[in-house]
Amino acid sequence: MERGMMKRQYRDVVVWDAERTAAERCDVITEGDRITSILPAGTLDSGCAYEGRGKMALIPGFVNAHGHAAMTLLRGLGEELPLMEWLQERIWPVENGLDGDLVKAGTKLAILEMLSTGTTCFADMYFFMDRVAEAALECGMRCGLSRGIVGDSDGSKLKENLKLADDFNGRDGLINVQLGPHAPYTVPMELMKEIANTAKDTGLGVQLHWLETSSEWSISGLEGKMTPEDYLAETGMIDVPNLLLAHCVWIRPQESAFYARDNVTFAHNPKSNLKLGSGIAPLPAYLKAGVRVALGTDGAASNNRLDIWDELRFAALTQKGVNKDPTLVASAEALRMATVNGAIGLGFRDVGLIKEGYRADMILIDLDQPHYVGWDCENLSGFLVYAGSSSDVKGTVVAGKMLYQDGDFVFADRKRITEEAAEARRKLTAR
Ligand SMILES: [Zn+2]
Numbered sequence: 008m009e010r011g012m013m014k015r016q017y018r019d020v021v022v023w024d025a026e027r028t029a030a031e032r033c034d035v036i037t038e039g040d041r042i043t044s045i046l047p048a049g050t051l052d053s054g055c056a057y058e059g060r061g062k063m064a065l066i067p068g069f070v071n072a073h074g075h076a077a078m079t080l081l082r083g084l085g086e087e088l089p090l091m092e093w094l095q096e097r098i099w100p101v102e103n104g105l106d107g108d109l110v111k112a113g114t115k116l117a118i119l120e121m122l123s124t125g126t127t128c129f130a131d132m133y134f135f136m137d138r139v140a141e142a143a144l145e146c147g148m149r150c151g152l153s154r155g156i157v158g159d160s161d162g163s164k165l166k167e168n169l170k171l172a173d174d175f176n177g178r179d180g181l182i183n184v185q186l187g188p189h190a191p192y193t194v195p196m197e198l199m200k201e202i203a204n205t206a207k208d209t210g211l212g213v214q215l216h217w218l219e220t221s222s223e224w225s226i227s228g229l230e231g232k233m234t235p236e237d238y239l240a241e242t243g244m245i246d247v248p249n250l251l252l253a254h255c256v257w258i259r260p261q262e263s264a265f266y267a268r269d270n271v272t273f274a275h276n277p278k279s280n281l282k283l284g285s286g287i288a289p290l291p292a293y294l295k296a297g298v299r300v301a302l303g304t305d306g307a308a309s310n311n312r313l314d315i316w317d318e319l320r321f322a323a324l325t326q327k328g329v330n331k332d333p334t335l336v337a338s339a340e341a342l343r344m345a346t347v348n349g350a351i352g353l354g355f356r357d358v359g360l361i362k363e364g365y366r367a368d369m370i371l372i373d374l375d376q377p378h379y380v381g382w383d384c385e386n387l388s389g390f391l392v393y394a395g396s397s398s399d400v401k402g403t404v405v406a407g408k409m410l411y412q413d414g415d416f417v418f419a420d421r422k423r424i425t426e427e428a429a430e431a432r433r434k435l436t437a438r
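Using this note's numbering, read the sequence shown as starting at 8 and increasing by one per residue.
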């Protein structure tokens, strides 16, 4: 242990992660940003540790695997409009007024919301991403960042994305940078090939919107010429080191097996897909084929919460209902999607489990409440997904630091951040 490395102890907490069949009462020690020991409950002396008393769950922090954090400033704009009208008339004109300061203010607002609802790591694809990185570092938040690349006839956006990687990849152990080609209908095929090659040369991952709406493939101009799977093979995207495909609503279920690869993760956004009327992804087919699926909220303008608990419940319940099959998408599977699967999708191979050597990204959930009466170590995942909510989160720990505890942000000034965001919103919507 390095001198001065912060050590924290959690006594008699109820530990669950996706590698366990049942929860277990344990003591947990973290040193610096890692989990270093998991011991039988009650091994540690009381008094020098956070006391769980067997009534506080400790699970991996949630990973929000798809989003546009600064869209918190656009929340509520153009509600319930058709998708293209919403984008073209309400969202894009406002986004044109964004600058680095506004994006940073909106991102910090998003980070407050995510920390208070149990998210410890978020994906972001947007603009002014150096300012997003600053916001995350100042708050101590983990993230996977990409510069959204649209068009890019002069190559400046790809260059900007690579500079983001030079400046921030690996910073403080918190940031992984990905390349961010927006979608097959906004990025020409030659550029998509170039980005895939760049990813292979640099080892960077890629975030890509993929088949979100039913008309996307015809808009891309590729319908009738090649299948989406041929496109991924032809551009080389399917072979990049780490490919995070957001949405995946309109993949033909029979093609699921194509995506069951160690370097590919889907970011499923059930609430955004419902709200924008995009459809319902054939999630059971993906899971059956062995595709790694994570959960995301998408931007706050299309959700409108950055709360993974909602996604857990929508992912698990929607499929049961539309398929008339209550066995689909079990609660433990939904929690796996919300934790370790998202971490892998963003290139963090040592995040998302409560395991010695893993990064100490975890949340504390208060089980001593009326709606948890009856929980036990076998049924905990069901209680969390079907009865729990983000208001049960009592602590959010990122890289060993408790960033949120009992309603307070330990390292962030809630008042200042919300005031700055409110002012940013006023500026942005007044233009
Ligand atoms: Zn998106």
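Built from N, CA and C at the ideal position, the CB exists for glycine as well.
Cβ neighbours of N176 in the same chain (closer than 8 Å, five flanking residues each side left out): Taking the first residue of the sequence shown as position 1, residue 176 is located at position 169. Around N176: I182, N183, V184 and L211.
Beta-carbon spacing of A428, A307 below 8 Å: Residue 428 sits at position 421 when you count from the first residue of the sequence shown. Residue 307 sits at position 300 when you count from the first residue of the sequence shown. Not a contact, by the Cβ cut-off of 8 Å.
beta-carbon H75 near ligand 1 non-hydrogen atom, thresh 7 Å: Indexing the sequence shown from 1 puts residue 75 at position 68. Remark: the C-beta of H75 is in contact range of ligand 1, defined as less than 7 Å to any heavy atom.
CB contact flag (I66, W93, <8 Å): Counting from one through the sequence shown, the residue named residue 66 turns up at place 59. Counting from one through the sequence shown, the residue named residue 93 turns up at place 86. It is not a contact, given that the beta carbons lie outside the stated cut-off.
Contact test: G306 Cβ vs ligand 1 heavy atom, cutoff 7 Å: Residue mapping note: residue 306 aligns to position 299 of the sequence shown, counting from 1. G306: yes, Cβ under 7 Å from ligand 1.
Residues bridged to C150 (per DSSP): Within the sequence shown, numbered from 1, the residue matching residue 150 stands at position 143. Looking at the DSSP output, C150 bridges to F129 and I182.
heavy atom of ligand 1 below 7 Å from H378 C-beta: Sequence index remark: in the sequence shown, residue 378 carries index 371 (1-based). Not one heavy atom of ligand 1 is found less than 7 Å from the C-beta of H378.
Residue closest to L283, alpha-carbon to alpha-carbon, out of T28, G83 and A30: The residue given as residue 283 occupies position 276 in the sequence shown. The option with the nearest alpha carbon to L283 is G83.
Which of helix, strand or coil DSSP assigns to T114: Numbered from 1 along the sequence shown, position 107 holds the residue referred to as residue 114. Looking at T114 - three-state DSSP - the assignment turns out to be helix.
Classification of M13 by the beta-carbon crowding that lies within 10 angstroms, buried from 16 upward: Translated into the one-based positions of the sequence shown, residue 13 becomes position 6. Taking all protein chains shown into account, M13 has fewer than 16 neighbouring C-beta atoms within 10 Å of its C-beta and is therefore exposed.
Straight-line Cα distance separating L144 from L410: Taking the sequence shown and counting its residues from 1, one reaches residue 410 at position 403. Taking the sequence shown and counting its residues from 1, one reaches residue 144 at position 137. Taking the Cα positions, L410 is about 12 Å away from L144.
Residue range of the alpha helix (DSSP H) that includes N280: Position 273 of the sequence shown holds residue 280. P277 to K282 is the extent of the alpha helix (DSSP H) around N280.
Ligand 1 heavy atom lying under 7 Å from the CB of H2: Only positions 8 to 438 of the chain appear in the structure, and residue 2 is not among them; the question remains open.
Touch test, the segment 86-105 against the segment 390-401, Cβ-Cβ under 8 Å, three pairs minimum: Contact fails: fewer than three Cβ-Cβ distances are below 8 Å.
Where K295 sits in the DSSP three-state scheme: Your numbering for residue 295 matches position 288 in the sequence shown. In the structure shown, K295 sits in a helix (DSSP, three-state: H, G or I).
Assigned secondary structure, L144 (DSSP; H/G/I helix, E/B strand, else coil): Here residue 144 corresponds to residue number 137 of the sequence shown, with the count starting at 1. In the structure shown, L144 adopts helical secondary structure according to DSSP, grouped into three states.
6 Å CB neighbourhood of A203 in its chain, flanking five on each side removed: Here the question's residue 203 lines up with position 196 in the sequence shown. Counting only Cβ-Cβ distances below 6 Å, and skipping sequence neighbours, we find T242, G243, M244 and V247.
Backbone CA spacing between W224 and S160 [nearest angstrom]: Locating residue 224 in the sequence shown gives position 217, where the first residue counts as 1. Locating residue 160 in the sequence shown gives position 153, where the first residue counts as 1. The straight-line gap from Cα to Cα measures roughly 21 Å.
Own chain partners of L360 with C-beta closer than 8 Å, once the 5 adjacent residues on each side are dropped: Start at 1 with the first residue of the sequence shown, and residue 360 comes out as number 353. Here the set comprises D24, A25, E26, P67, T346 and V347.
Residues of its chain near H484, where Cβ-Cβ distance is below 6 Å and the 5 sequence neighbours each way are ignored: The structure shown has nothing for residue 484, since the chain only spans 8 to 438.
For P100, the first and last residue of its enclosing alpha helix (DSSP H): Position 93 of the sequence shown, counted from the first residue, corresponds to residue 100. Counting along the chain, the unbroken alpha helix (DSSP H) around P100 starts and ends at W99 to E102.
Residues of its chain near M8, where Cβ-Cβ distance is below 7 Å and the 5 sequence neighbours each way are ignored: Here residue 8 refers to the residue found at position 1 of the sequence shown. For M8, the predicted model reports a pLDDT of 44, less than 50, meaning its position is unreliable; a value from the coordinates is still stated below. When the five nearest sequence neighbours on each side are left out, the beta carbons in the same chain lying within less than 7 Å of the beta carbon of M8 are those of E38, in order along the chain.
Within the segment 313-357, ranges of the beta strand (DSSP E) (whole runs, at least 3 residues): For secondary structure counted as the beta strand (DSSP E) over 3 or more consecutive residues, the segment 313-357 holds no complete run.
DSSP state of I258 mapped onto helix, strand, coil: Along the sequence shown, one-based indexing puts residue 258 at 251. The DSSP-derived three-state label of I258 is coil.
Short Cβ contact (8 Å threshold) for D305 with G155: For the purposes of this step, residue 305 is identified with residue 298 of the sequence shown, where counting begins at 1. For the purposes of this step, residue 155 is identified with residue 148 of the sequence shown, where counting begins at 1. Cβ atoms of D305 and G155: not closer than 8 Å.
Continuous beta strand (DSSP E) stretch holding Y17: start and end: Within the sequence shown, numbered from 1, the residue matching residue 17 stands at position 10. For Y17, the enclosing beta strand (DSSP E) covers residues K14 to V22.
G381, buried or exposed, once every other Cβ within 10 Å from all chains shown has been counted against 16: By 1-based counting over the sequence shown, the position of residue 381 is 374. With a threshold of 16 other beta carbon atoms within 10 Å, G381 falls short and is exposed.
Neighbourhood of R454 by C-beta distance below 6 Å, restricted to the same chain and skipping five residues each side: Look at the range of the chain in this structure, 8 to 438, and you will see that residue 454 is not part of it.
Three-state secondary structure (DSSP) of R268: Within the sequence shown, residue 268 is the residue found at index 261, counting from 1. Three-state DSSP puts R268 in coil, outside helix and strand.
Proximity test, A253 beta-carbon vs ligand 1 heavy atom, cut-off 7 Å: Position 246 of the sequence shown holds residue 253. Yes, the Cβ of A253 comes within 7 Å of a heavy atom of ligand 1.
Separation of L109 from F418, as counted between CA atoms: By one-based count along the sequence shown, residue 418 stands at place 411. By one-based count along the sequence shown, residue 109 stands at place 102. For F418 and L109, the gap between their C-alpha atoms comes out near 21 Å.
Proximity below 8 Å, CB of D34 to CB of L51: Indexing the sequence shown from 1 puts residue 34 at position 27. Indexing the sequence shown from 1 puts residue 51 at position 44. The Cβ-Cβ distance between D34 and L51 falls below 8 Å.
Cα-Cα separation between G414 and S396, rounded to whole angstroms: In the sequence shown, the residue the question calls residue 414 occupies position 407. In the sequence shown, the residue the question calls residue 396 occupies position 389. When rounded, the distance between both Cα atoms is 14 Å.
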